[in-house]
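In this note's numbering, the protein residues as written are -11 to 127.
Below is one structure, written out as structure tokens; comments come after it.
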């Protein structure tokens, strides 16, 4: 089996919203090429879509470990932290994303959204208010 083929199949399956099958293709890609950062990022994106945030977080952390200059990995790492409620780690990952992609408006918007949620956590009298701020999924 070819790494390129399984990677492409994963992308095609994601494009038709078949995330579970796409993830399996990225599993194959990672088995064949365990240092391919983009395979971890893409599989993590599939996990995000399926709301399996811990799995997504693990993949994005692995991607950052493999290539700490991959801005996309930091973007999605921040989103995973956000969805898991770890706003401080979300801000830290967004800060790394800003450093790597300083012209990206998404970087600043997402970091601002996370700071806004952090503010809500510390100032809101109601637990319902604390979860009302939603970060956009991604670009």
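Backbone N, C-alpha and C define an ideal beta-carbon position, used for all residues, glycine too.
Please report the straight-line C-alpha distance between residue i and residue j, rounded to a whole angstrom.
{"i": "residue 97", "j": "residue -9", "result": "35 Å"}
{"i": "residue 15", "j": "residue 94", "result": "28 Å"}
{"i": "residue 128", "j": "residue -3", "result": "The requested residue 128 does not occur in the structure, where the chain is confined to residues -11 to 127."}
{"i": "residue 75", "j": "residue 83", "result": "12 Å"}
{"i": "residue 130", "j": "residue 7", "result": "Lying outside -11 to 127, the shown extent of the chain, residue 130 is not represented and no answer is given."}
{"i": "residue 19", "j": "residue 25", "result": "12 Å"}
{"i": "residue 42", "j": "residue 92", "result": "26 Å"}
{"i": "residue 44", "j": "residue 37", "result": "9 Å"}
{"i": "residue -1", "j": "residue 77", "result": "28 Å"}
{"i": "residue 22", "j": "residue 54", "result": "10 Å"}
{"i": "residue 81", "j": "residue 69", "result": "8 Å"}
{"i": "residue 39", "j": "residue 1", "result": "17 Å"}
From the options, pick the residue whose C-alpha is nearest to that of residue i; which is it?
{"i": "residue 85", "options": "58, 50, 74", "result": "58"}
{"i": "residue 47", "options": "38, 27, 3, 19", "result": "27"}
{"i": "residue 101", "options": "42, 79, 4", "result": "79"}
{"i": "residue 90", "options": "69, 77, 60", "result": "60"}
{"i": "residue 87", "options": "56, 2, 4", "result": "56"}
With 16 as the cutoff for other CB atoms within 10 Å, does residue i come out buried or exposed?
{"i": "residue 107", "result": "exposed"}
{"i": "residue 52", "result": "buried"}
{"i": "residue 50", "result": "buried"}
{"i": "residue 17", "result": "buried"}
{"i": "residue -6", "result": "buried"}
{"i": "residue 104", "result": "exposed"}
{"i": "residue 10", "result": "buried"}
{"i": "residue 13", "result": "buried"}
Stretch-stretch touch, CB-based, cutoff 8 Å, three pairs: the region 26 to 41 with the region 62 to 74: The region 26 to 41 vs the region 62 to 74: in contact.
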